[in-house]
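Heads up: the sequence shown begins at 25 in the numbering used here, then just goes up one per residue.
Virtual Cβ for every residue (Gly too), placed ideally from N, Cα, C.
To start, the structure under review is shown below, and the notes come after it.
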Amino acid sequence: MKMSGADIVLESLKRLGVDVVFGYPGGVVLPLYDRLPAHPEVRHILVRHEQGGGHMAEGYAKASGRLGVALATSGPGATNLVTAIQDAMMDSLPTLFITGNVARNLLGKDGFQEADITGITMPAVKHNYLVMRAEDIAYTFAEGAYIATTGRPGPVHIDIPKDVFIDEAEFVWPEKVSIRGYKPATTGHPGQVKKAAEIIDAAERPIIIGGHGVVLGNAHEELRRFAEKTGIPVLNTLLGLGSIPRDHVLSYGMLGMHGSYEANHAASNADVIIGIGNRMDDRALGRFADFNPTAKLIHIDVDPAEHNKNVTAHVPIVGDVKLVLPQLIEAVRQNSHVDWLHWIDDLRQAHGHSMAIPSGPELSVQYIVRRISEMSPDATVVTGVGQHQMWAAQHMKFTRPHQLVTSGGLGTMGFEVPAALGAQVARPGETVWAICGDGGFQMTLQELATMVDARTPVKMAIMNNGYLGMVRQWQELFYQDNYVSVAMTQPDFLKLADAYGIHAIRVTEKEQVDEAIREAEGHAGPVIVDFQVQAEGNVWPMVPAGAALKETVEAPRDASEVRS
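Structure, rendered in structure tokens:
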């Protein structure tokens, strides 16, 4: 039976199990929108800006592990997706970005709203397609989704000219997708696994760095079993948080630029480092040349391009971490490292002030995020980028994978509001908190209207300090307090919420925090909580840009209380 290209697109999405598309219409995709009512299984959520739609697809993918889909028209609609596409690429998210383009006879002729979006996105995607025939649509979607969700996940872009949506073809769904030259590794090479096990068994001061690949690969149980059998402490990258429960005895939190003092020094003093599903980036490792050059490095990653890219691995293992970890568990012997754990624990105790919640009367972000975490421990937490992101990573107790949704590699301000909406769609009926910067919130606040339309009850905690906080911190510490273009005059967020028909709360004192959290979670719809926090708080500890982890700078002792 023949179908229009538009119907083939929608039928293909259904075959892929896609239940929602975040989109914005325009001229060249109208043939597709015209057919949406005939396919009610695919819910369309009308966004207010294509970048927001892209971040919603990311939030959906991050919170669920399933394929997130965004849709845009040609020209500016397509180019507005680019930030989200690059963000998804940096964070290895299984996402599908669909764009329309001008009719085939107008391609390359600089017609109205034409953009070479295939060329523009080529370095920002795992793969992309320009579909020139309706009969190619079904296989393209099957192959594109396979690429997006297998191996190291990533964004795939599909561009379809307007008249291809209109043309008719037989719908033929492939039973199997096979791509010559694309065979993602699964299990690790036995010889490499054996070498790694021998090094691990001989280690006296080993650490594990659990990265985003553990979360993406649903290998959290395997990570826990491996850590428990070997007795090795686990550090996490920002995106690896939640891969092991933060309250686990072997969990030592985040390392890196704003990692804990003990995590950074454990990484600097270990004799064996086992990187699992992480890309060994600068924010986690600091200055590459001085990232513990004497340690033996074992690096497990499904993407061979990540091995030896930034630091040299003694034993690189290419494979799916969910399959490689059981191989290692079988190969290593039962062990414990009590003295090493005590050394790290003593370091934590001695330097507890370095990541403490301020004890003064001022309302701090650290206190707020800790209370949200304690009062709503199962909530999915979405953050923007900046100081509030780092404080959330430091002080919230993530206990499961996919619980933290944040922009890691690209560091995209404005991510929080639309991504939280996507996360809420992925997890209906569950609590989703968006931890927002007052600067980032204003970049994508138009998606509040989408929240109202889509009835997504996201709870938004705006950390309102009147500054671009992280930039201000850098200007204070490295530019002699020369504050330039970082102070922000904010709108009245309660009046803004009222304009959108959203419930809002203002908090100015510590004593009001718990009641505000309860009130927000008790409200059936979206809620904005305007937390008027201290203006010039700094994130500690801190590894200055270009420094080594062992050069971690601590908070002044007289400004803090020891951590609980």
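Return the first residue and the last residue of the alpha helix (DSSP H) that residue i is part of.
| i | result |
| --- | --- |
| residue 370 | 362–374 |
| residue 56 | 54–59 |
| residue 80 | 74–88 |
| residue 518 | 517–524 |
| residue 100 | 100–103 |
| residue 109 | 106–114 |
| residue 437 | No alpha helix (DSSP H) holds residue 437; DSSP gives it neither H nor E. |
| residue 251 | 244–254 |
| residue 141 | 141–145 |
What is the residue span of the beta strand (DSSP E) that residue i lies within?
| i | result |
| --- | --- |
| residue 197 | That residue, residue 197, is in no beta strand (DSSP E); it is neither H nor E in DSSP. |
| residue 67 | 67–70 |
| residue 322 | 320–325 |
| residue 182 | 179–185 |
Within the same chain, show all residues whose beta-carbon is closer than 6 angstroms to that of residue i, passing over the 5 residues directly before and after it, in chain order.
| i | result |
| --- | --- |
| residue 105 | 74, 78, 96 and 121 |
| residue 327 | 176 |
| residue 433 | 114 and 115 |
| residue 280 | 307 and 308 |
| residue 274 | 251, 257 and 258 |
| residue 287 | 259, 276, 277 and 279 |
| residue 493 | 410 and 411 |
| residue 323 | 299, 331, 337 and 340 |
| residue 36 | 162 and 165 |
| residue 574 | 292 |
I need the DSSP call for residue i, collapsed to helix, strand or coil.
| i | result |
| --- | --- |
| residue 403 | coil |
| residue 133 | coil |
| residue 311 | coil |
| residue 564 | coil |
| residue 150 | coil |
| residue 530 | strand |
| residue 225 | helix |
| residue 263 | coil |
| residue 422 | coil |
| residue 292 | helix |
| residue 576 | coil |
| residue 551 | strand |
| residue 170 | helix |
| residue 358 | coil |
| residue 276 | strand |
| residue 485 | strand |
| residue 558 | coil |
| residue 410 | coil |
| residue 446 | helix |
| residue 504 | coil |
| residue 33 | helix |
May I ask you to list the residues that DSSP assigns as paired with residue i?
| i | result |
| --- | --- |
| residue 491 | 511 |
| residue 94 | 46 and 121 |
| residue 475 | Residue 475 pairs with nothing; no bridge assigned. |
| residue 456 | 404 |
| residue 428 | 405 |
| residue 234 | 260 and 300 |
| residue 340 | 323 |
| residue 546 | None, per the DSSP bridge assignment. |
| residue 26 | 194 |
| residue 461 | 487 |
Ignore the nearest five residues each way along the sequence and tell me which others in residue i's own chain have a CB closer than 8 angstroms to its CB.
| i | result |
| --- | --- |
| residue 30 | 55, 56, 58, 59, 189 and 190 |
| residue 586 | At residue 586 the pLDDT is 43, less than 50, meaning the model places this residue with poor confidence; the figure from the coordinates comes in the next sentence. Cβ neighbours of residue 586 beyond the five flanking positions: 376, 377 and 380. |
| residue 173 | 91 and 118 |
| residue 469 | 441 and 520 |
| residue 522 | 528 |
| residue 41 | 90 and 91 |
Assuming residue i and residue j make a contact with CB atoms under 8 angstroms, what is their CB distance in whole Å?
| i | j | result |
| --- | --- | --- |
| residue 406 | residue 389 | Contact flag wrong, Cβ pair sits at about 15 angstroms. |
| residue 553 | residue 559 | Their Cβ separation, rounded to whole angstroms, is 18 angstroms, which puts residue 553 and residue 559 out of contact at 8 angstroms. |
| residue 93 | residue 69 | Not confirmed; about 10 angstroms, so no contact. |
| residue 25 | residue 46 | Not a contact, Cβ separation roughly 29 angstroms. |
| residue 227 | residue 295 | 6 angstroms |
| residue 52 | residue 168 | At roughly 19 angstroms, the Cβ-Cβ gap does not stay under 8 angstroms, so residue 52 and residue 168 are not in contact. |
Leaving aside the five residues before and after residue i along the sequence, list all residues of the same chain whose C-beta is less than 7 angstroms from its C-beta, in chain order.
| i | result |
| --- | --- |
| residue 145 | 106, 109, 152 and 181 |
| residue 332 | 340 |
| residue 207 | none |
| residue 555 | 387, 392, 485, 486, 487, 488 and 531 |
| residue 413 | 407 and 430 |
| residue 482 | 444, 445, 448, 456, 458, 475 and 550 |
| residue 473 | 72 and 524 |
| residue 85 | 91, 92, 117, 118 and 119 |
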